[in-house]
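Q: Once you've had a glance at the structure underneath, I'll fire off some questions.
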Amino acid sequence: MATWTRRDQEDTDKYTFSGKFLITENVKRTLPAIEIIGICYDIQRLVKEKGGINSIQVYNDEEGRTIHFIDQSNPLFIRNEKWGMEENLCILHYAHEY
Numbered sequence: 001m002a003t004w005t006r007r008d009q010e011d012t013d014k015y016t017f018s019g020k021f022l023i024t025e026n027v028k029r030t031l032p033a034i035e036i037i038g039i040c041y042d043i044q045r046l047v048k049e050k051g052g053i054n055s056i057q058v059y060n061d062e063e064g065r066t067i068h069f070i071d072q073s074n075p076l077f078i079r080n081e082k083w084g085m086e087e088n089l090c091i092l093h094y095a096h097e098y
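To convert, note that position 50 of the sequence shown is 50 in full-length UniProt numbering; the numbers rise steadily by one, no gaps.
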């Protein structure tokens with residue numbers, strides 16, 4: 001099992017990662033569910049701790065793999081009536097899938 005470490009990001013934004021968590025097929029196929037859940041829990045803990053974080057969070061493992069977790073909607077978009085919940089997405093993918 002890999003250990004995923006979050007790289008420090010600037011906390012200039014207030015994204016909450018409160019939308020639907022989507023995971024690419026490649027990530028689902030190659031990572032155990034426990035690793036994916038660990039990353040999701042880490043994001044939720046960090047958002048709660050800081051009151052919002054940068055829209056892109058980057059994780060590396062000891063094998064040199066890189067995963068991005070990207071939130072598509074900031075609080076302003078979420079409150080805007082023109083944006084629907086279907087557009088409030090958080091996507092976990094390998095860096096090379098970006």
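From the three backbone atoms N, C-alpha and C, an ideal C-beta is built for every residue, glycine too. This one's a predicted model, so the numbers in the text were calculated from it and none came from an experiment.
1. Is TYR41 helix, strand or coil when you go by DSSP?
2. Is PHE17 helix, strand or coil by DSSP?
3. With a CB to CB cut of under 8 Å and the five nearest residues on each side skipped, what residues in its chain are close to GLY51?
4. Please report how far the alpha carbon of MET1 lies from the alpha carbon of ILE34, in whole angstroms.
5. Nearest by alpha-carbon distance to ASN26: which of GLY19, GLU49, SER18, ILE36 is it?
A: The answer reads as follows:
1. helix
2. Reduced to three states, the DSSP call for PHE17 is coil.
3. LYS14
4. 9 Å
5. ILE36
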